[in-house]
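If you want my numbering, it's the 1-based position in the sequence shown plus 12. What follows is a short report on a single structure.
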Amino acid sequence: MDSGTKPWEGAVGEGMSLKKLAPYVDRLLKLAVKDWEIENPEAALPDEGRPLVFIAAHGPLFAPTPMILILAKLYKDRGLTDLVAGFYPHPMLMRFPGMKALFGRIGTPTDVYDLEGLVERLKDGRMDITGTGPEGIHCHFSWSEPVGPFDNGGMVAAAILAGAPVCLLAHRGGEAWHLKLNLPFGLTVPFTGGLRGVYIPLGPIRRIRRFVVSCRRYEPDLTREELSAADDRKRRLLVGIEIEKIRYELNRMMEDLNVKEAGRS
13 MDSGTKPWEG
23 AVGEGMSLKK
33 LAPYVDRLLK
43 LAVKDWEIEN
53 PEAALPDEGR
63 PLVFIAAHGP
73 LFAPTPMILI
83 LAKLYKDRGL
93 TDLVAGFYPH
103 PMLMRFPGMK
113 ALFGRIGTPT
123 DVYDLEGLVE
133 RLKDGRMDIT
143 GTGPEGIHCH
153 FSWSEPVGPF
163 DNGGMVAAAI
173 LAGAPVCLLA
183 HRGGEAWHLK
193 LNLPFGLTVP
203 FTGGLRGVYI
213 PLGPIRRIRR
223 FVVSCRRYEP
233 DLTREELSAA
243 DDRKRRLLVG
253 IEIEKIRYEL
263 NRMMEDLNVK
273 EAGRS
């Protein structure tokens, strides 16, 4: 990763240099959260000369927002603001008028929503950090497990094909910006894999009392050679197995956070 100026860092639709966000991070974080903590922050820092891919528990729609600010502050405090980052919201959002232009200007790689393009940029250094919450559209619903089913495994495949380390992210606290409506008595909707209810996003109507982020490195069992050699059908199967392992790990991380935070009450 080159710490000098990158000619593409200001290109709309190609991610964003963190130095553009750095001047606003502390104030935005203070407005969003009263008290915050990041567990194992070293896991969230890139290895020298290598890109880093984040796979995050998403939770309700706005829940990851403070997590992104906390990570941005971590990078700012460590002097890593020359890195180029690009985080991926669900591609469906780009279909609404004006959203692609808006997201492109705030750093989303709107011109790089294809696997090959993302892998190429991770490998050649045009993008240093990327990530997503693979629950996708499922983030609008509550489930019997903290992390809902994954909607897409593209980011997992990109990390493996680019040879990029993976950092898993779990977080707790962002639920305060949502209203949860669950079925009574712990019931779930049949044949849905544990669907319990819906989240109604309220937005940042108040400061979150406490927000916690947990970071953990993850080593995929699937190798780049295996994935590259697979045909489309086998590739979907191999990535599907890997994302279920990742979802299991994220659920463990979320449950650990819930236990720890419940003990603080």
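Glycine included, C-beta positions come from ideal geometry on N, C-alpha and C. Since this is a predicted model, take the numbers as computed values, not measurements.
Problem set entry | Simplified DSSP state of Asp94, which is helix, strand or coil | coil
Those runs of the beta strand (DSSP E) which lie wholly inside the region 202 to 273 and span at least 3 residues: 207 to 213, 220 to 230
* Asked: Helix or strand or just coil, what does DSSP make of Asp283?
  -> No answer is possible for residue 283: the residues shown for the chain start at 13 and end at 277.
ask   = In its own chain, which residues sit with a C-beta less than 7 Å from the C-beta of Ala56, not counting the 5 before and 5 after it?
value = Leu83, Leu86, Cys179, Cys227
Alpha carbon to alpha carbon, how far is Arg219 from Arg259? 29 Å
Q. Quick one, are the C-beta atoms of Thr200 and Ser240 less than 8 Å apart?
A. no
*Apart from the five residues just before and just after Asn194, which ones in its own chain have a Cβ nearer than 8 Å to its Cβ?*
Ser154, Arg208, Gly209
Taking the Cβ atom as the reference point for each residue, do Leu30 and Leu95 lie within a distance shorter than 8 Å?
yes
Coarse secondary structure for Asp89, derived from DSSP in three states: helix
Next item on the list: Measure the CB-CB distance between Lys42 and Arg221 and report whether it falls below 8 Å.
Entry: no
Cβ contact check for the region 182 to 192 and the region 131 to 151: 3 or more pairs under 8 Å: no
Q. First and last residue of the alpha helix (DSSP H) that includes Asp38?
A. 34 to 44
message = Quick check on Arg245: buried or exposed, where buried means 16 or more other Cβ atoms within 10 Å of its Cβ?
response = exposed
Start-to-end residues for the beta strand (DSSP E) that takes in Ala182: 178 to 184
| request: Flag this pair as yes or no: are the beta carbons of Gly116 and Thr122 separated by less than 8 Å? | output: yes
Original post:
In its own chain, which residues sit with a C-beta less than 7 Å from the C-beta of Ala176, not counting the 5 before and 5 after it?
Top reply: Arg62, Pro63, Leu64, Val65, Leu134
Alpha-carbon spacing of Val168 relative to Pro35, whole angstroms
31 Å
Worksheet item: Can you give the Cα-Cα distance for Leu181 and Ala69, rounded to whole angstroms?
Response: 6 Å
Item to complete: Can you check DSSP and say which residues form a bridge with Val65?
Response: Thr142, Val178
>> According to DSSP, Asn194 sits in a beta bridge with which residue or residues?
In response: Gly209
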